[in-house]
Amino acid sequence: MHISGNFNKTPYVEVKGFEKESWEGWGQISLALRKAVKGTSRNGQVVIVETYQGIHMEKLQEQFTNIFEPAIFIHTAEIFKSEDEIRRITQPDVTDDRIFGYMTRLEMMDLVDSQKLGNARKKVTDSKGVVLIFGYGASLVCDNPALMVYADMARWEIQLRMRRGEVDNLGIRNRGEGIEKQYKRGFFVDWRICDRLKKDTMASWDFLLDSNDKNNPKLISANALRAGMEQAAKQPFSVVPFFDPGPWGGQWMKEQFDLEKDPENYAWCFNCVPEENSLLLGFGELRVEIPSINIVFFQGRKLLGDPVHARFGDEFPIRFDYLDTMDGGNLSLQVHPLTGYIQEKFGMHYTQDESYYILEAGGDGSVYLGLKEGIDPSKMIKELKVAEANGTSFPVSRFVEKWPAKKHDHFLIPGGTIHCSGANSMVLEISATPYIFTFKLFDWDRLNLDGKPRPININHGIKNIQWDRTTNWTKKNLVNRIEEVASGDGWTEERTGLHEREFIETRRHWFSKTVTHHTNGGVNVLTLVEGDEIVVESPEDAFEPFVIHYAETFIVPAAVGAYTIQPHGPSRGKKCGTVKAFVRVNP
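Note that the sequence shown covers residues 37 to 623 in the working numbering.
And the structure:
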């Protein structure tokens, strides 16, 4: 029995020496920005506020107008192409599919009308007073402003605002369109475009505005931001986990992690998905929230390591998350695409290979994995299509193998393997990152939380199911492929996966004394799967001791090199266990 409530829901990276370069609330922010404008030697008339998709445009526009009292105000909506034109040029990436699109190659300039941009630039050149340029692509209007503020947003907060109908997508007014359409456009188009401009402009930022809390904004200098990202890239750290209910969600996380009791359940915990999660930077008592993907963009080689960065670029390839079905239901029956399929159909260069590590399980916990021996694929496909067309049940047990699941089992799920977690399992999902590409085949006759059917993707799915992955093959290749690889005084290391078709390796360490780890030039991601508390330390005191509690996940950047882990606090002298994932790098 683990200690309830110790799970850290707000981990942060402490950044020392920049407390005077961080401000909270519009009062402090106003004073800091006005002082900065007066003190600059650059063009003292032009201020740029570049924004990420999802900010509350009207609110920020009002605040910055009050701060700078500009003689000329330029909102970048003035330079964008028409909404009809933007929809036309983005449609090939957005597509008519309910869920899937293509990662856009468009840039912010592609959404801008060149004549309107020229007019805006001339307006700046001809101005005699303060000019405030505000909005998406503001940095395209002037090359050398007096001041540039970047208003950043965490992806998860953007999604919450989409659900509430508070924000529009890039260049169009669609806040009433619904989360499904807005999220798809954000994922495939908006966030790619904004990220490209973010990477192009960061060297020119003077300040970053944390705009996640509309009632309590925070501002830090660009130097403080860079120092925070540099600090994170050389020490173990955790991103901020977020929790979400679902139609199959359970109750375990609500109790174990001391979550708010109002939601009916919690289905997901995203505890290491840097594209979605936030990172908190601590400046004294102030906590500033930035998208954790910023670390990948601006400290990628130190974070990922050269071999991993060379292969994946500005992407974090390892994803950890929780799937809670304790006192809940089965996940949707699903399959992930094969690598060739996702490359050909969606332009992605790798797929979501994954695994289920069972953190906790009830007596009837289970995982559906692989097909039964001797099934007829044509009959299964027919049954799936009939179930989708008529809203009838699909006889899962006739076609799909069901395996009992107990604590510390590990099920490997390379792309093309039919699978889902059954009820009463607490799953640590370890996978590659392109998580949106899941082909649902059957959803157990239920509706989503919004009362609508969840999307089923049978036509995609049946083109990827590997029909030879039946019971005997699955048992031999995918269920508890555990082998001891090393041991020492008070510790044992085991290889638990993943399958040879998957690029992620997982290692489990059991230990009651100190065990030494090494990043070996690549990023490590770990979760404490047994024990109440451990401490992560540097043999050379290169970083402060880092305490981790049961079920917490943390990242160890490649640049860290050697580090040790040992039981700590109430676990001192007791047996603990971690699961570690890293990208296999061929010698």
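Beta carbons are placed, not taken as given, at the ideal position from N, Cα and C, and that holds for glycine.
- Sixteen is the threshold: since fewer than 16 other Cβ atoms of the shown chains lie within 10 Å of the Cβ of residue 508, the residue is exposed.
- If you compare the alpha carbons of 200, 239, 249 and 154 with that of residue 60, the shortest gap goes to 249.
- Three or more Cβ pairs closer than 8 Å define a contact, and the stretch 460-470 meets that threshold against the stretch 394-411.
- For residue 128, the enclosing alpha helix (DSSP H) stretches over residues 119-130.
- Taking C-beta separations shorter than 6 Å and ignoring five residues to either side along the sequence, the partners of residue 50 in its chain run 318, following chain order.
- Residue 618 holds the alpha-carbon nearest to the alpha-carbon of residue 469 among 490, 618, 407 and 523.
- Under DSSP, residue 438 takes part in a beta bridge, and its partners are 404.
- Residue 111 is bridged by DSSP to 170.
- The DSSP assignment places complete alpha helix (DSSP H) segments of no fewer than 4 residues inside the stretch 244-305 at 258-268 and 288-292, in order along the chain.
- With respect to the C-alpha of residue 438, the residue from 415, 407 and 430 having the closest C-alpha is 407.
- Counting along the chain, no beta strand (DSSP E) covers residue 193; the unbroken alpha helix (DSSP H) around it starts and ends at 191-199.
- Counting other Cβ atoms within 10 Å of its Cβ, residue 575 stays below 16 and is therefore classed as exposed.
- When only Cα atoms are considered, residue 312 and residue 132 end up about 24 Å apart.
- Our two residues, residue 616 and residue 444, have alpha carbons roughly 13 Å apart in a direct line.
- In this chain, the beta strand (DSSP E) harbouring residue 455 covers 455-457.
- For residue 546, the enclosing beta strand (DSSP E) begins and ends at 540-547.
- With fewer than 16 other Cβ atoms inside 10 Å of its own Cβ, residue 521 counts as exposed.
- In its chain, beyond the 5 residues on either side, 527, 528, 611 and 613 have a beta carbon closer than 7 Å to the beta carbon of residue 546.
- Inclusion of residue 144 and residue 229 in the CB contact set at 7 Å is warranted, their separation being smaller than that value.
- Distance from residue 274 to residue 590 at the Cβ level is roughly 5 Å; contact confirmed, criterion being Cβ atoms closer than 8 Å.
- CA-to-CA, the gap between residue 578 and residue 512 works out to about 43 Å.
- Counting only runs of at least 4 residues, the stretch 336-379 fully encloses the following alpha helix (DSSP H) elements, listed from N- to C-terminal order: 336-340 and 342-348.
- Ranking 88, 82 and 475 by CA distance to the CA of residue 183 puts 82 first.
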